[in-house]
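Residue numbers (the working numbering), protein chains in the order written: chain L, 160 to 851; chain G, 483 to 812.
All C-beta atoms in this analysis are idealised placements derived from N, C-alpha and C, irrespective of residue type, glycine included.
A quick note: this is a predicted structure, and the numbers were derived from the prediction, not measured.
This is the structure we're talking about:
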């Protein structure tokens with residue numbers, strides 16, 4: 160199949176022309192400041208007007224929400240710890256079995272012993288109400304979208320934005336609208352946690368089998384009966400899955416709520432420890448959030464009909480819960496647990512036993528260990544950082560033309576060296592175009608160009624052309640137009656330079672995450688033991704507050720892009736691992752047997768059967784990796800990286816709501832461009848492989 | 483008991499007399515000093531950092547000694563100003579005029595907030611380095627030494643320039659680039675990101691023996707924890723920022739250190755009416771840099787609780803705080 164080379168050559172020529180024209184045409188090198196529209200100013204003004212009009216309404220909402228929050232908080236802090244622990248353990252067992260019980264028991268005992276009980280109960284009360292709120296609102300919107308096509312088509316991009324715009328970006332407007340205090344954190348959490356509920360409600364209702372629905376109609380159900388007695392029960396498993404995802408999202412927001420402040424919760428505790436850069440205390444308190452999230456994850460998954468045994472194997476678990484007590488027995492067991500707990504706590508008060516403070520030395524030991532590693536391996540760590548910066552990271556950022564100096568690479572970038580680079584690049588691109596495809600050749604050439612001038616040095620016009628062309632190639636006109644419009648928005652908003660720094664950070668982090676994540680995923684798919692270990696690691700990396708990782712990385716590598724990259728990778732590598740493993744495990748056994756019968760070696764099976772088959776799934780993992788990396792950019796700017804994440808903080812510091820929102824929107828748009836292109840690529844690939 | 487009615491009457495009158503006597507007694511006290519003037523809790527803001535928490539806890543203990551009800555309310559440093567102006571918070575004990583944000587001064591001037599004067603802390607900020615760096619860059623702490631040895635502070639990202647870990651850009655522009663240029667120091671300022679990151683940078687520098695130059699501020703317990711020195715810059719004076727002729731570089735402005743701002747106590751303006759004696763106590767409260775840093779260090783690095791350190795300070799310093807209370811109760 161020969162492709163017409165003309166468009167590809169044209170593309171290459173355009174990029175080269177743009178690069179050559181940089182020094183001659185000033186507007187080519189940097190997007191001129193006069194072409195920027197005061198978008199952030201307009202946004203700020205529009206928001207101020209909106210706040211003025213609608214503030215009283217939102218203040219009432221805020222006031223109304225304060226009551227249940229206060230009530231639950233008082234209740235949870237009043238209940239003696241042993242009562243709460245035993246009761247929770249019983250619920251965990253009833254919902255999901257022994258392993259869940261052990262996890263819940265361990266979590267709560269740990270919280271108690273480590274001395275974070277009050278803070279954790281405050282957090283739990285806030286998170287519970289946020290989940291309830293998000294579930295109710297999410298369900299409502301899901302039903303509305305199910306019934307009304309227009310709502311559905313509007314809601315989809317809105318949900319995308321709600322999940323991709325960093326919460327920091329709309330912190331100021333929320334503060335202005337809802338006032339001060341824990342309710343603001345509650346509302347921010349609910350906003351972030353509602354989208355998965357909307358999506359799952361919609362999906363669940365759409366998937367109600369038509370014969371069930373018809374059976375309802377035949378029985379003469381009124382519309383209301385049809386909905387509550389037929390549709391909702393059939394969609395229940397999906398709804399419960401939605402609640403599970405909503406729970407996880409609400410936990411991810413704990414730290415953000417704490418930044419808003421006004422609440423003595425565990426997020427505040429973590430935040431204060433991070434501020435002091437006290438790694439021991441940060442990890443001890445961060446672990447509370449991770450453990451709580453994991454316990455609730457297991458419990459809600461259990462309620463959604465998956466037993467512990469089934470959870471390991473994938474989402475299609477059996478709904479059989481053989482161990483479950485009947486409702487009456489459960490009630491008796493609960494009363495027993497409460498009484499036992501009450502007796503325990505009475506005895507403990509009498510004998511004045513307190514569990515707190517037994518972990519006092521632990522935090523100091525962790526800090527001492529960190530200091531030891533920092534001082535012992537200083538030379539090694541510095542060498543590692545310098546070589547990765549010179550040979551990998553800085554070329555992507557500012558380009559070989561600025562990195563290669565006698566000091567860093569051992570030679571200067573003289574004209575013969577430049578000529579050799581371009582000759583080699585052209586040869587490689589031509590060879591790839593000749594023997595693989597025009598796309599491969601063009602890709603190699605474009606990457607070579609990027610490495611030479613750097614992501615931040617590439618003329619904006621070249622980037623716009625390249626991204627739009629790539630979008631067209633993968634997803635046709637709709638994706639291409641979306642990509643073009645989004646980029647024009649970023650240019651007009653004057654965020655281009657910052658956006659390119661974010662793109663460079665993301666691209667480097669994502670590339671490394673994919674390499675590491677796919678390798679680990681292959682390992683996990685090959686061995687069940689490895690899979691179990693990886694699952695624990697993934698769960699921890701995903702639920703522990705991301706700031707916590709930053710402290711040791713900072714001690715080893717200091718502030719700057721390198722530390723920021725490592726922090727992003729630690730978080731963004733998780734979906735790459737998960738989707739690779741999942742994809743590889745889903746390859747049909749028949750195909751592997753066929754390959755074995757044909758005498759394939761193990762590595763042939765991996766490279767020629769399993770990986771190509773799992774490729775669409777891996778692409779979706781990469782898509783998630785990109786979105787996760789974008790989400791970490793804001794946090795990476797806390798260790799001194801520049802870019803849109805930093806812009807959002809500057810907006811916060813200046814109390815300029817427009818600036819934060821525009822920067823957040825730009826970040827979300829970049830994520831959505833990558834998302835649309837990759838999804839289209841995965842779909843193409845699936846069609847090519849015949850697995851739709 | 484022959485006459486129960488008479489007994490009852492006597493008993494009743496006893497009770498009545500005693501009751502009215504105690505009432506009278508209370509009234510007498512009230513006339514002298516009605517403390518607490520209101521039993522509503524005084525809400526003290528607890529912000530994000532140790533020193534602030536310590537000052538708040540000490541103040542809270544003194545107010546309780548005077549008979550007030552006190553609540554400690556967790557509140558974000560910049561988010562607290564609006565609730566303070568609305569009376570949802572009563573007082574905040576450590577506000578740095580240099581970094582509290584642009585909204586603060588207008589709120590003071592329009593009477594939405596009231597400043598009760600200095601905390602006694604003398605705040606400042608400058609370029610800080612671990613003491614061992616003096617061996618690698620002789621002539622420090624004089625700033626002229628930095629002109630000669632940027633390479634001692636260079637990193638792969640900034641090579642051949644030295645690296646200055648600056649405060650994060652969201653704190654506003656404090657003219658670091660101008661200052662470096664006009665003092666002839668070939669260092670590249672990079673964002674420190676956050677307080678935790680800057681602290682890690684300093685600790686890491688001490689542990690690994692690699693010098694670092696970091697913008698930092700005082701009072702801060704890190705100065706007790708590590709052996710740190712501050713670069714001597716020409717002392718700030720008003721014309722420095724506006725008059726190029728002033729200072730060592732006669733062509734440029736910003737050839738000096740930074741302007742120091744006060745660290746003050748800020749209260750809800752209604753406090754003076756509602757709790758006058760508490761208002762006077764907060765006005766009188768003062769503590770010194772050295773004491774504040776040492777106590778904060780014990781909390782941050784020795785694992786002591788803020789509450790315990792505050793209790794101990796109260797127990798050991800009656801001579802300091804008794805006069806404040808006496809004066810406030812007059």
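Simplified DSSP state of residue i, which is helix, strand or coil
i	result
residue 370 of chain L	helix
residue 229 of chain L	helix
residue 556 of chain G	strand
residue 750 of chain G	coil
residue 410 of chain L	helix
residue 484 of chain G	Model confidence at residue 484 of chain G stands at a pLDDT of 46, short of 50, so the residue's coordinates are unreliable; what they give is reported in the following sentence. Here residue 484 of chain G sits in coil by DSSP.
residue 670 of chain G	strand
residue 252 of chain L	helix
residue 550 of chain G	coil
residue 598 of chain G	strand
residue 510 of chain L	coil
residue 573 of chain G	strand
residue 648 of chain L	helix
residue 486 of chain L	helix
residue 479 of chain L	A caution first: residue 479 of chain L carries a pLDDT of 44, below 50, which makes its placement in the model unreliable, though a value can still be read off. In this structure, residue 479 of chain L counts as coil in the three-state DSSP scheme.
residue 524 of chain G	strand
residue 211 of chain L	helix
residue 435 of chain L	coil
Contacts that residue i makes with chain G (C-beta to C-beta distance below 7 angstroms)
i	result
residue 645 of chain L	Near residue 645 of chain L there are no residues of chain G at all, since even the closest Cβ is about 25 angstroms away, more than 7 angstroms.
residue 427 of chain L	556
residue 399 of chain L	Those within 7 angstroms of residue 399 of chain L in chain G number zero; the least Cβ separation is about 34 angstroms.
residue 545 of chain L	638
Cβ-Cβ distance between residue i and residue j below 8 angstroms
i	j	result
residue 781 of chain L	residue 673 of chain L	yes
residue 400 of chain L	residue 217 of chain L	no
residue 292 of chain L	residue 304 of chain L	no
residue 352 of chain L	residue 282 of chain L	no
residue 807 of chain G	residue 544 of chain G	yes
residue 344 of chain L	residue 422 of chain L	yes
residue 438 of chain L	residue 521 of chain L	no
residue 784 of chain L	residue 676 of chain L	yes
residue 324 of chain L	residue 347 of chain L	no
residue 428 of chain L	residue 278 of chain L	yes
residue 341 of chain L	residue 228 of chain L	yes
residue 402 of chain L	residue 356 of chain L	yes
residue 529 of chain G	residue 550 of chain G	no
Residue from the options with nearest C-alpha to residue i
i	options	result
residue 655 of chain L	L/184, L/631, L/826, L/692	L/826
residue 518 of chain L	L/659, L/271, L/685, L/670	L/271
residue 410 of chain L	L/221, L/662, L/285	L/285
residue 694 of chain L	L/669, L/762, L/719, L/732	L/732
residue 625 of chain G	G/742, G/525, G/711, G/760	G/711
residue 280 of chain L	L/743, L/231, L/395, L/257	L/231
residue 778 of chain G	G/582, G/703, G/753	G/703
Under 9 angstroms by beta carbon: chain G residues contacting residue i
i	result
residue 660 of chain L	The premise fails here: residue 660 of chain L is roughly 12 angstroms from chain G at the closest Cβ pair, so nothing lies under 9 angstroms.
Amino acids of chain G, ordered along the chain, whose beta-carbon sits closer than 8 angstroms to that of residue i
i	result
residue 523 of chain L	785
residue 801 of chain L	673
residue 719 of chain L	637, 639, 672
Listed by chain order, chain L residues near residue i by CB distance under 8 angstroms
i	result
residue 595 of chain G	Within 8 angstroms Cβ-Cβ: nothing; residue 595 of chain G doesn't reach chain L, min ~14 angstroms.
residue 689 of chain G	530, 533, 534, 537, 714
Chain-ordered neighbours of residue i on chain L, where CB pairs are closer than 9 angstroms
i	result
residue 531 of chain G	431, 434, 435
residue 565 of chain G	338, 339, 340, 421
* To do: Could you say if the segment 745 to 757 of chain L and the segment 703 to 715 of chain L meet the contact criterion of at least three C-beta pairs nearer than 8 angstroms?
  => no
* Asked: Per the contact definition of three or more C-beta pairs closer than 8 angstroms, is the segment 719 to 726 of chain L in contact with the segment 690 to 710 of chain G?
  -> no
* Asked: With a cut-off of 8 angstroms, do at least 3 Cβ pairs link the segment 668 to 683 of chain G to the segment 641 to 654 of chain G?
  -> yes
* Asked: Is there contact between the segment 536 to 549 of chain L and the segment 445 to 463 of chain L, where contact requires at least three CB pairs shorter than 8 angstroms?
  -> no
* Asked: Are at least three pairs of beta-carbons, each pair with one atom in the segment 811 to 818 of chain L and one in the segment 199 to 218 of chain L, less than 8 angstroms apart?
  -> yes
* To do: State whether the segment 792 to 807 of chain G contacts the segment 611 to 629 of chain G, with contact taken as three or more CB pairs (one from each stretch) at a distance under 8 angstroms.
  => no
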